[in-house]
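Structure record follows, encoded as structure tokens.
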Amino acid sequence: MPAQISCLKGAEMNHIESIENAYLEVENGLIKAFGEMQNCPIYSGEIIDGTNKWVMPGFVDSHTHMVFAAPRHNEYVMRLQGKTYEDIAAEGGGILNSAKSLQNTSEDNLYSMAYAYAHNAMACGTSAFEIKSGYGLSTDAEIKMLRVIKRLKENLPITVKATFLGAHAIPAEYKQNRQGYIDLIINEMLPIIAKENLADFIDVFCDSGFYTVDETNCILDAGLKVGLRPKIHGNELGLTGGVQVAVAHNALSVDHLEHISEVEIDCLLKSNTMPVILPGSSFFLKIPYSPARQMIDAGLPVAIASDFNPGSSPHYNLWFTMSLACLYNKMLPKEAFNAATINAATALDISDTHGSITNGKKACLQITRAFEDINEMPYWFGQNHTEKLLVG
Ligand SMILES: [Zn+2]
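The C-terminal position of the sequence shown is numbered 1564 in the numbering used here, with every residue numbered one higher than the one before it.
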């Protein structure tokens, strides 16, 4: 794949170049060369034999909530008994439940739990993550989450990007004073984040029952002033203007998109904003799946992400996300693979270093088990096909 391609759009998404019986040379952590085995240079370093295996770029997971205090299996059982995600949120469950437990958990404990999850995800081939705050919902707890993410950045061998999602929900104590909480985000949290360099991006849950378009506008403007490019949660629960507000702020991505019409598709076509779909949360919440087929047919790029979180998507295996994307978002296997690699890297602004096997990019590679055909990858659903993740 030529280095200048940063993402694949429309019909380009159903294309993967591959070489049978190939070599790949890594030097100083970067991909130096690759090609047919007959052209392999004489090499004196460590050799890893991949006979009968596939060597692929590591996955990029551009949307996770990996730092959390506790799983929410009680709510899972409530949903099995007939309650909706909205019912549970109205009773103080959902994000507010996660916020309560996170506020009472130490930074060290949060760090060790997230560190373990990160390794589980790496074992499934993920070579770069985005991690959001948003289960703090107070200055102290949001900053605590971002410091945990900073420690993960420093100690994990892979690339981690931090997103500030103080506007994930309205805390119960601000229910009658929404502006008071927004002021807290803008005037108290953002200055600390900027000063300590705790985030790369800013996110707002712009949807019905969460933040309005006007509130989102204000928060994103304030984030841009301190250099945080937006990545938006939008259009999960309805056609609520999330796409338009994301595009107006030149967001890196707009994520969820279970509800999208021709108007939103048109808006995205005229933008540099990556649509990111999250099939895991549609599967787990039994809500509609994003119409990725329609988006790709219209010429858009699409990325997929796990949305790993304790409430709506407790999974981090992007092989499974690919299977869901094929079965329910009507994507083809090659499209799903590109959506989890090069397009996901674009959604995280790391496509110059990640997401494809390209000379000069970071050597973030996975060796998978033997497949006869690339279409088998999502066909064997619910499995981990990664045998080895190589970073550098
Ligand atoms: Zn999310």
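Glycine included, each C-beta is placed from N, C-alpha and C at the ideal position.
Cβ-heavy atom distance, residue i to ligand 1, below 8 Å
i	result
SER1305	no
LEU1450	yes
HIS1235	yes
ASP1427	yes
ASN1481	yes
SER1454	no
HIS1405	yes
DSSP bridge partner residues for residue i (one or two, in chain order)
i	result
LYS1403	SER1425
ILE1539	VAL1227 and LYS1560
LYS1304	THR1335
VAL1448	ASP1427 and ALA1475
LYS1534	LEU1202
ALA1512	In DSSP, ALA1512 forms no bridge with anything.
ASN1292	Note: ASN1292 sits in no beta bridge, so no partner.
THR1236	PHE1480
VAL1376	ALA1339
GLU1197	ALA1205
TYR1383	CYS1378
SER1453	DSSP output for SER1453 lists no bridge partner at all.
THR1298	PHE1231
SER1485	ASN1481
Nearest residue (CA-CA) to residue i, options the options
i	options	result
SER1178	THR1513, GLY1297 and GLY1406	THR1513
LEU1457	VAL1239, GLY1266 and THR1335	GLY1266
ASP1469	ALA1286, ASP1438 and SER1495	ASP1438
ASN1407	SER1495, PHE1377 and ALA1295	PHE1377
LEU1411	GLY1381, MET1285, GLY1306 and GLY1395	GLY1381
VAL1332	PRO1243, GLU1208, ASP1386 and VAL1232	VAL1232
ASN1481	PHE1509, GLY1471, LEU1472 and PRO1451	PRO1451
THR1277	ALA1300, MET1317 and ARG1244	MET1317
LEU1309	GLU1189, GLN1253 and LEU1337	LEU1337
MET1307	ASN1292, GLU1199, ALA1394 and SER1273	Per the sequence presented here, residue 1307 reads as Tyr, with Met not at that position. Answer by Cα proximity: SER1273.
ARG1249	ALA1344, GLY1483, LYS1322 and GLU1436	Reading the sequence as shown, one finds Val at residue 1249 and not Arg. When each option's Cα is compared against that of VAL1249, the closest is GLY1483.
GLU1314	PHE1301, GLU1326, ALA1293 and GLU1279	GLU1279
PRO1329	LYS1534, ARG1541, TYR1551 and ASP1545	LYS1534
ILE1203	PRO1229, ILE1303, ARG1251 and LYS1181	PRO1229
LEU1409	ASP1379, LEU1392, ASP1386 and ALA1394	ASP1379
ALA1497	LEU1520, TYR1461 and SER1485	TYR1461
THR1256	ILE1374, THR1388, GLU1208 and ILE1459	ILE1459
PHE1301	THR1518, ALA1508, ASN1269 and THR1236	THR1236
ASP1375	ASN1359, ILE1260 and GLY1395	GLY1395
For residue j and residue i, the rounded distance between their alpha carbons
i	j	result
ASN1224	ALA1516	27 Å
LEU1562	TYR1500	31 Å
PHE1455	GLY1413	24 Å
TYR1215	GLY1222	16 Å
ASN1531	PHE1206	8 Å
ALA1423	GLU1258	27 Å
GLU1434	LEU1440	10 Å
ALA1366	VAL1398	6 Å
ALA1183	ALA1511	13 Å
HIS1557	ILE1219	21 Å
ALA1290	ILE1404	23 Å
LYS1347	LEU1362	21 Å
HIS1187	GLY1264	46 Å
CYS1212	TYR1195	6 Å
GLN1555	SER1495	10 Å
GLY1564	TYR1383	41 Å
VAL1417	ALA1542	44 Å
SER1305	VAL1198	35 Å
THR1298	VAL1227	14 Å
PRO1402	LYS1325	20 Å
LYS1442	LYS1506	25 Å
GLU1192	GLN1538	16 Å
GLN1466	ASN1281	43 Å
PRO1486	ALA1271	16 Å
SER1453	ALA1477	10 Å
Short CB-CB distance (under 9 Å) between residue i and chain C
i	result
ASN1556	The chain labelled as chain C is not found in the depicted structure, where only one protein chain is given.
Heavy atom of ligand 2 within 8 Å of residue i beta-carbon
i	result
ASN1246	This structure lacks ligand 2; its bound ligands are ligand 1.
Stretch pair the segment 1423–1430 + the segment 1441–1458: three plus CB contacts closer than 8 Å: Contact between the segment 1423–1430 and the segment 1441–1458 is present: 3 or more CB-CB pairs across the two stretches fall below 8 Å.
The segment 1490–1504 contacting the segment 1521–1536, beta-carbon criterion three pairs below 8 Å: No, because fewer than three Cβ pairs between the segment 1490–1504 and the segment 1521–1536 fall closer than 8 Å, the two stretches do not touch.
Inter-stretch contact at 8 Å, needing at least 3 Cβ pairs: the segment 1271–1290 / the segment 1237–1245: yes
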